[in-house]
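In the UniProt record's numbering, the protein residues as written are 1 to 490.
Working notes for the structure below.
Here it is as C-alpha cells:
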C-alpha cells in the first residue's frame with residue numbers, strides 16, 4: 001500500500017511538473033507579439049462575427065451581406081493593431097461611407113440610365129468604387145473593406161424592411177433594404193470597434209504588465225560578490241531593483257571549504273568554542289565587506305540591501321541562496337576560463353532563475369544602452385526592460401537588429417516595433433545592413449553598455465557553427481551584460 005501511494009505521489013508530481021513546463025512554453029510563445037495578435041484574431045474575430053450573426057437572426061433588417069466587409073475589417077483591426085488601418089474611426093467611418101457611397105451610386109445610375117436591363121448597372125459599380133475612393137481619401141478614412149461594402153450594397157434586394165426596437169415594440173422604423181444595409185453596417189462596425197478599443201486599451205497596450213515576466217518581477221536581485229568587479233555589478237543590480245517599489249538587493253559571498261559550524265556560530269547558533277579563529281575571521285571580513293557595499297548602495301539608490309555569507313560549492317550555493325532569499329534575478333560579475341565563460345557563470349546562466357553576467361569597464365552610470373535583438377521573445381523583452389531601467393528617465397535604450405538583405409528591412413522594423421512598443425520609456429530602434437558583431441564593434445563607443453541575450457536557447461550545433469556573439473566582441477570599449485531567462489522566469 002505504501003509503495004502504491006508513493007507511485008501515485010510521484011505520478012502527480014510529474015504531471016504538475018509537465019503542466020508547469022507546458023504553461024511556461026505557452027507564455028514564452030505568447031510573448032511574441034505576432035503570436036499574441038494572431039491568437040487574438042482567432043478568438044475575438046469569430047466571437048464578434050457570431051454576435052453580429054445572432055443580432056442578424058433577431059433583427060430581420062440586418063442583412064447577411066454585411067459580413068464580408070465586417071470580417072475582413074475586423075481581421076485588419078486585430079492583426080495589425082499598430083498600423084494606420086487599425087483605427088476604430090477609420091474602421092467605422094470607412095466601411096460605413098463605402099456602403100453609403102454605393103447606395104448613392106446605385107440611385108444615381110438608376111436615374112441616369114432608367115432603361116437599363118442590368119440587375120446591377122455597370123455604371124453603379126464603377127461609380128460606387130470611384131466615389132468611395134474619393135470620399136475616403138478626402139476624409140482620411142481609407143479602409144480596404146470600404147470598397148467591399150460599396151459593392152455589396154448594390155446587390156441588396158429591392159423592397160422595404162422594418163426594424164423594431166424591443167424596448168419600444170410600438171415603434172417601427174420602415175427603411176428600404178439599402179438604407180437598412182447602411183445602418184446595419186454602421187451599427188455592426190461600431191460594435192466591433194468598441195470591442196477592439198476595450199481589447200486594445202485594457203490588454204494589448206498593457207501586455208507587458210500581464211505577459212512579460214520581468215516587468216512585474218526581477219525586483220529582488222541577488223549579487224554574488226566575486227572578483228574585482230563586484231561593486232560595479234552590485235550597483236547595476238541596485239539600479240535594476242530600484243525601478244520597482246518592492247525592489248531589494250541581496251549581496252552574497254560564498255566561502256568555499258568553510259566549516260558550516262563557523263557560519264552557525266557567527267549567526268549565534270551552535271557552540272562558539274568549537275569554531276576555529278581563522279574561519280571566524282574569514283566570515284567577519286566577508287560580512288564587513290558586504291556591509292560596506294550594502295551601505296553605499298542604500299545611500300546611492302535607496303534600495304534595501306541585505307547581506308548573506310554562505311559556504312559550499314559556489315554555483316549550487318548561489319542558486320540555492322537565491323531561492324531561499326526569494327530572489328528572482330541574479331546579477332553576477334562576468335568571468336572567463338580558457339577564453340570562454342567560466343563554469344560558474346555557465347552554471348548560473350543555465351539555472352532556473354533569470355540571470356545577468358556583467359563585464360565591467362569601471363563605470364557605474366549606464367545612460368546609453370545598446371540592445372541587439374536577433375529574434376522577438378521573452379529574452380528580448382527582458383533585455384529591453386533591464387536597459388530602460390538602467391537608462392532611467394534621462395537616458396535612452398537603443399534596440400537594434402542587423403539584416404543581410406535590404407528586402408528584409410520592413411520585416412525587421414516590424415519585429416523591433418513589436419518588441420519595444422509595450423514599454424513606456426524612451427526607446428529608439430535601428431535596422432542596420434551589417435553583420436551583428438561588426439555593427440556592435442563599430443558603434444559600441446557611443447554607448448555605456450551593450451546588453452546581449454545568452455545562447456541558451458540555441459542548439460549545440462548552432463553554437464558550434466556560429467559562436468555566441470558575446471564571444472566575438474571581447475574587445476568592445478564599453479560594459480557588456482549577458483541576459484538569460486531562467487526556467488522559473490518563463
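We put the beta carbon where it would ideally sit given N, CA and C, even for glycine.
Test item: CB-CB of residue i and residue j under 8 Å
i: residue 120; j: residue 154; result: yes
i: residue 425; j: residue 397; result: yes
i: residue 368; j: residue 242; result: no
i: residue 88; j: residue 197; result: yes
i: residue 150; j: residue 102; result: yes
i: residue 223; j: residue 234; result: yes
i: residue 376; j: residue 324; result: no
i: residue 283; j: residue 255; result: yes
i: residue 453; j: residue 380; result: yes
i: residue 360; j: residue 475; result: no
i: residue 91; j: residue 77; result: yes
i: residue 331; j: residue 307; result: no
Backbone CA spacing between residue i and residue j [nearest angstrom]
i: residue 390; j: residue 294; result: 19 Å
i: residue 182; j: residue 413; result: 38 Å
i: residue 484; j: residue 42; result: 31 Å
i: residue 287; j: residue 321; result: 16 Å
i: residue 333; j: residue 226; result: 7 Å
i: residue 220; j: residue 430; result: 32 Å
i: residue 40; j: residue 80; result: 11 Å
i: residue 130; j: residue 422; result: 39 Å
i: residue 99; j: residue 244; result: 51 Å
i: residue 328; j: residue 354; result: 6 Å
i: residue 156; j: residue 110; result: 14 Å
i: residue 344; j: residue 45; result: 49 Å
i: residue 148; j: residue 69; result: 6 Å
i: residue 482; j: residue 373; result: 12 Å
i: residue 441; j: residue 370; result: 11 Å
i: residue 187; j: residue 420; result: 35 Å
i: residue 203; j: residue 47; result: 17 Å
i: residue 392; j: residue 240; result: 10 Å
i: residue 305; j: residue 291; result: 9 Å
i: residue 134; j: residue 207; result: 38 Å
i: residue 96; j: residue 73; result: 11 Å
i: residue 257; j: residue 348; result: 20 Å
i: residue 138; j: residue 75; result: 24 Å
i: residue 179; j: residue 486; result: 59 Å
i: residue 299; j: residue 237; result: 14 Å
i: residue 125; j: residue 184; result: 21 Å
i: residue 411; j: residue 448; result: 28 Å
i: residue 194; j: residue 205; result: 15 Å
i: residue 35; j: residue 312; result: 43 Å
i: residue 437; j: residue 358; result: 18 Å
i: residue 280; j: residue 432; result: 56 Å
i: residue 71; j: residue 50; result: 11 Å
i: residue 314; j: residue 200; result: 46 Å
i: residue 297; j: residue 309; result: 18 Å
Beta-bridge pairing of residue i - partner residues as DSSP gives them
i: residue 400; result: 372 and 430
i: residue 383; result: Residue 383 pairs with nothing; no bridge assigned.
i: residue 306; result: 250
i: residue 482; result: 357 and 452
i: residue 45; result: For residue 45, which the question treats as bridged, DSSP gives no partner whatsoever.
i: residue 224; result: 252
i: residue 236; result: Residue 236 is not bridged to any residue.
i: residue 330; result: 222 and 355
i: residue 149; result: DSSP output for residue 149 lists no bridge partner at all.
i: residue 336; result: 341
i: residue 311; result: 255
Residue of the options minimising C-alpha distance to residue i
i: residue 383; options: 156, 480, 90 and 246; result: 480
i: residue 37; options: 179, 349 and 418; result: 418
i: residue 52; options: 33, 374, 190 and 450; result: 190
i: residue 104; options: 127, 91 and 90; result: 127
i: residue 478; options: 292, 310, 364 and 285; result: 364
i: residue 400; options: 393, 392 and 428; result: 428
i: residue 122; options: 347, 257, 207 and 107; result: 107
i: residue 289; options: 253, 194, 444 and 257; result: 253
i: residue 394; options: 199, 366 and 444; result: 366
i: residue 302; options: 308, 326, 277 and 248; result: 248
Residue i Cβ short of 7 Å to the ligand NAP heavy atom set
i: residue 137; result: This structure simply doesn't include the ligand NAP, nor any ligand for that matter.
Quiz item: Quick one: any contact between the segment 321-341 and the segment 394-410, if contact means 3 or more CB pairs under 8 Å?
Solution: no
Practice problem: Evaluate the contact criterion for the segment 66-85 versus the segment 133-153: three or more CB pairs, one atom per stretch, below 8 Å. | Solution: yes
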